[in-house]
Amino acid sequence: MALRNIMLDSDPILRKKSKPVETFDENLWQLLDDLYDTMLKNDGSGIAAPQVGILRRAVIVEINGMKLELINPEVVDSKGSWERVEGCLSVINRTGHVKRPYEITVNAFDRFGHPYTLKVVDWLSRAILHEMDHLNGVLFTDIMSKECVKQTKKA
Ligand code: CO
């Protein structure tokens with residue numbers, strides 16, 4: 014198990030556009046395994062390669078026990094709209110309301126370079142879209158409709 018450091022939102026690398034993965038080799042598999050370990054260690058439900066400083070188009074999501082690796086993902090169709098509160102491993106102690114499509118169809122590659130198409134809804138769809146934003150240098154704080162204000166309990 015190898016943990017990598019998570020870049021925080023003040024880091025300019027999170028604002029860069031990631032390049033497509035071209036080689037589906039041991040380096041990619043190591044990156045994916047490290048991403049997954051790092052995500053779990055930080056109680057995340059998704060992570061993107063640029064969050065550990067690697068500007069390549071690779072993301073992992075895991076929602077309700079469904080783990081997906083998406084390399085060079087492209088959204089080819091989307092339907093509906095819903096708004097929910099999101100957070101991010103790179104944005105400490107902030108959450109906000111984000112509107113996204115409810116259902117998406119995504120083309121991606123698995124870690125061996127095999128293409129696949131996936132139609133997903135609800136939080137799985139939301140998680141994939143959130144992680145794909147990272148590949149384009151976008152954070153949820155850029156697109157949130159409003160930030161959640163932390164309530165301070167007073168005795
Ligand atoms: Co994030």
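Under this note's numbering, the letters of the sequence shown match residues 14 to 168, in that order.
Ideal Cβ placement from N, Cα and C applies to all residues, glycine included.
Asked, Found
"Is the Cβ-Cβ distance between ILE84 and ASP123 less than 8 angstroms?", "yes"
"State the Cα-Cα distance for the pair GLY126 and LYS163, rounded to the nearest angstrom.", "43 angstroms"
"Leaving aside the five residues before and after TRP95 along the sequence, list all residues of the same chain whose C-beta is less than 6 angstroms from its C-beta, in chain order.", "TYR115"
"Please state if the CB of SER23 and the CB of LEU68 are separated by a distance shorter than 8 angstroms.", "no"
"Using only the heavy atoms of the ligand CO, determine whether one of them is closer than 7 angstroms to the beta carbon of HIS110.", "no"
"How would you write the range of the alpha helix (DSSP H) that ILE156 sits in, first residue to last?", "153 to 156"
"Apart from the five residues just before and just after ARG139, which ones in its own chain have a Cβ nearer than 6 angstroms to its Cβ?", "ARG113"
"For VAL33, count neighbouring Cβ atoms within 10 angstroms of its own Cβ and tell me buried if that reaches 16, exposed if not.", "The sequence shown places Pro at residue 33, not Val. Burial call: exposed."
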